[in-house]
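Chemist: In case it helps, numbering that gives the first Met the number 0 puts the sequence shown at residues 0 to 102.
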Amino acid sequence: MKHFYLVMFFFVCAFGFSQENARGSADIDGFKLYPNPVTQGKVYIETSLNSPKKILVFDVLGTQVVETTILGKELNLSSLDKGVYILRVFENNKVATRKLIIK
Numbered sequence: 000m001k002h003f004y005l006v007m008f009f010f011v012c013a014f015g016f017s018q019e020n021a022r023g024s025a026d027i028d029g030f031k032l033y034p035n036p037v038t039q040g041k042v043y044i045e046t047s048l049n050s051p052k053k054i055l056v057f058d059v060l061g062t063q064v065v066e067t068t069i070l071g072k073e074l075n076l077s078s079l080d081k082g083v084y085i086l087r088v089f090e091n092n093k094v095a096t097r098k099l100i101i102k
């Protein structure tokens, strides 16, 4: 059990540092993700351009659980179990990566 906590600690640290680097490089202008944590199964993603967005969602083990494209702002995640996920949004050759919590 101690190994599990140690692995989770390193994962959280590595993810935190990667978040800083992702925001500094090619983040999407005006990116907003709300509500986070998700409680009603829907999340809204806004950007300055509001162009079509390719969405990838990964679980904490790195397995891709959702791949979709949205034209508006609303993303339905009601099919996902409660937990912590990683959300990647692609819009016009730019990428935003965020932690997503589903309650």
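Backbone N, C-alpha and C fix where the C-beta goes; we use that ideal spot for every residue, glycine too.
Please read all numbers here as calculations on a predicted model, not as lab measurements.
Taking V75 as part of the beta strand (DSSP E), name the residues at either end of that continuous run.
Modeler: Residue 75 is actually Asn in this sequence, not Val. Counting along the chain, the beta strand (DSSP E) containing N75 begins and ends at 73-75.
Chemist: Identify whether Q63 lies in helix, strand or coil by the three-state DSSP scheme.
Modeler: Of the three classes helix, strand and coil, the one that applies to Q63 here is strand, per DSSP.
Chemist: Following the continuous beta strand (DSSP E) through I100, name the residue where it begins and the one where it ends.
Modeler: First-last of the beta strand (DSSP E) with I100: 93-101.
Chemist: The beta strand (DSSP E) with F57 in it runs from where to where?
Modeler: From DSSP, the beta strand (DSSP E) with F57 extends over 52-58.
Chemist: Where does the unbroken beta strand (DSSP E) through K41 begin, and where does it stop?
Modeler: Residues 41-45.
Chemist: Helix, strand or coil for I27, going by three-state DSSP, please let me know.
Modeler: Note: I27 maps to coil in three-state DSSP.
Chemist: So does Q63 have its beta carbon nearer than 7 angstroms to some heavy atom of the ligand SAH?
Modeler: As presented, the structure is devoid of all ligands, the ligand SAH included, so that no description of it is given.
Chemist: Cβ of E66 less than 8 angstroms from any chain D Cβ?
Modeler: This model lacks chain D altogether, as it is built from one protein chain only.
Chemist: If I measure Cβ to Cβ from Y33 and keep anything under 6 angstroms in the same chain, skipping five residues before and after, which residues do I get?
Modeler: Taken in chain order, the residues that qualify are Y43.
Chemist: Kindly list the residues whose CB is nearer than 6 angstroms to the CB of I27, restricted to its own chain and excluding five residues on each side of it in sequence; keep chain order.
Modeler: Here the set comprises T46, E90, K93, A95.
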